[in-house]
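In the numbering used here, the protein residues as written are -13 to 221. Scroll down for the structure; my scribbles are underneath it.
Structure follows, in structure tokens:
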């Protein structure tokens, strides 16, 4: 499969509007938010479903085309920016933004990887729950990227990293197969815990498409304390 055939195939899977090949259309996806890293892409692809992601990844595997998974593009180190070869594709997951389920009795929610973190927080709050992952980029970063980088945030000491907040994952492997791991059990010893392989892997092992996340009761009260220390060792 040559590049032209690959683009035609992607258009048949996603629709022409979601296969960006014109440089002017690709601009928002080729630089990091600090405008320090810049690249080029064969195409920017915008899938809507896990099945579409699987088809694209399988085609990339067959055509030997590298994939740069991209979420909210809030990386501080250009990790979601393609190189300057123009031979890679950017797979941006922003259209995969559905909150599939909120389960109050189990205190879990199933979210797609393109969900904005703040949207997830607000959805949990409407049901009387707290989703504790919180960081400066929460208005634009996405859950898939939070998991792929094992984000910590301001509540990490109390609630843990993204890894501790995730119970299960749906992942498209590098071969284009779908790993159905959206389990919501707190204790699950059925087979290998593949979830922990993908969390923190930054898209190198597969593409996270959905996740089961833990919820907590909303705090009844909050206190803020400011502590001044004379020097760094005193901390």
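Glycine included, every Cβ here is placed at the ideal spot set by N, Cα and C.
Could you check if residue i is buried or exposed, using at least 16 other CB atoms within 10 Å of its CB as the buried criterion?
i, result
"residue 190", "exposed"
"residue 36", "buried"
"residue 61", "buried"
"residue 214", "exposed"
"residue 201", "buried"
"residue 205", "exposed"
Using DSSP bridges, identify the partner residues of residue i.
i, result
"residue 202", "116"
"residue 192", "159"
"residue 78", "56"
"residue -11", "Note: residue -11 sits in no beta bridge, so no partner."
"residue 95", "88 and 199"
"residue 29", "75"
Tell me the DSSP secondary structure of residue i in three-state form.
i, result
"residue 85", "strand"
"residue 213", "coil"
"residue 9", "helix"
"residue 17", "strand"
"residue 152", "strand"
"residue 128", "strand"
Return the residue from the list the options that minimises the CA-CA distance to residue i.
i, options, result
"residue 141", "17, 210, 24 and -6", "210"
"residue 14", "192, 67 and 124", "67"
"residue 124", "113, 108 and 34", "108"
How close, in whole Å, do the beta carbons of residue i and residue j come, if the pair is a contact with beta carbons under 8 Å?
i, j, result
"residue 32", "residue 0", "7 Å"
"residue 133", "residue 197", "6 Å"
"residue 157", "residue 193", "7 Å"
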